[in-house]
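In this note's numbering, the protein residues as written are 2 to 168.
Worksheet: one structure, shown below.
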Amino acid sequence: MERIFVSSCLLGALVRYDGGAKTLDSHLLEKWRAEGRLVPLCPEVTAGLPTPRPAAELEPGARADEVLTGQGRIYDKDGHDMTAAFVRGADLALQTAQKAQCRFALLTDGSPSCGSSYVYRGHFDGTRQPGEGVVAARLRRAGVAVFGQDQIGDLARALDIAENTPV
Ligand code: SF4
Numbered sequence: 002m003e004r005i006f007v008s009s010c011l012l013g014a015l016v017r018y019d020g021g022a023k024t025l026d027s028h029l030l031e032k033w034r035a036e037g038r039l040v041p042l043c044p045e046v047t048a049g050l051p052t053p054r055p056a057a058e059l060e061p062g063a064r065a066d067e068v069l070t071g072q073g074r075i076y077d078k079d080g081h082d083m084t085a086a087f088v089r090g091a092d093l094a095l096q097t098a099q100k101a102q103c104r105f106a107l108l109t110d111g112s113p114s115c116g117s118s119y120v121y122r123g124h125f126d127g128t129r130q131p132g133e134g135v136v137a138a139r140l141r142r143a144g145v146a147v148f149g150q151d152q153i154g155d156l157a158r159a160l161d162i163a164e165n166t167p168v
């Protein structure tokens, strides 16, 4: 059975920077949870960051790959360099996903960690730009198929293909 690494805030965990969750109301998620497929983690909290915590964004113009290789930074709204904690969170996420043999991930879009199709552009003004967070980048480069919460139907189809294709 394929297991799915999942951002724990999608499952209702109160781990977001603002102290809230990002609960995804989905029968698919409930089914997968009941089947024991889900491997939930909040990379930022696992890396030791408190909840609540100041919002953080990739610095303007930086890509997640650059942050992971030390060529880009992540700052919080107060101007503190949070890069080390976010990279640690990405490393711990990959370790967890690999230990559980997850080939699929469902992540919260927009986050500097879990974003998979967009992130915020680094000016804390609510403007989005195409891109990914450091967790999504770490997982993808390791071969994990990453989906945002709005792509849960695509994830269901990918799972179906993976489990029903003769090897
Ligand atoms: Fe944690 Fe990722 Fe959710 Fe942010 S988006 S609260 S890092 S699980």
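C-beta atoms are modelled at their ideal positions from N, C-alpha and C, and glycine is treated no differently.
Could you pull out every residue in the same chain whose Cβ sits closer than 6 Å to the Cβ of residue i, ignoring the five residues on either side in sequence?
{"i": "P55", "result": "D77, K78, D79"}
{"i": "S27", "result": "I153"}
{"i": "T97", "result": "L42"}
In the DSSP output, what is residue i paired with across the bridge?
{"i": "S8", "result": "L42"}
{"i": "Y121", "result": "R129"}
{"i": "E58", "result": "Y76"}
Can you tell me the Cα-Cα spacing of residue i and residue j, whole angstroms?
{"i": "L11", "j": "L93", "result": "18 Å"}
{"i": "Q150", "j": "W33", "result": "14 Å"}
{"i": "G116", "j": "E3", "result": "22 Å"}
{"i": "T109", "j": "P167", "result": "31 Å"}
{"i": "P51", "j": "F6", "result": "22 Å"}
{"i": "H124", "j": "G132", "result": "15 Å"}
{"i": "G172", "j": "Q72", "result": "Here the chain covers residues 2 to 168 and nothing more, so residue 172 does not appear."}
Indicate whether residue i and residue j have their beta-carbon atoms separated by less than 9 Å.
{"i": "G90", "j": "V145", "result": "no"}
Compute the minimum distance between the beta carbon of residue i and the heavy atoms of ligand 1, and state whether it is under 8 Å.
{"i": "V145", "result": "no"}
{"i": "E45", "result": "yes"}
{"i": "T84", "result": "no"}
{"i": "C103", "result": "no"}
{"i": "V68", "result": "no"}
{"i": "G90", "result": "yes"}
{"i": "T109", "result": "yes"}
{"i": "R139", "result": "no"}
{"i": "Y18", "result": "yes"}
Using a Cβ-Cβ cutoff of less than 8 Å, which residues in the same chain neighbour residue i once the five nearest sequence positions on both sides are dropped?
{"i": "A101", "result": "R4, F6, V40"}
{"i": "E164", "result": "M2, E3"}
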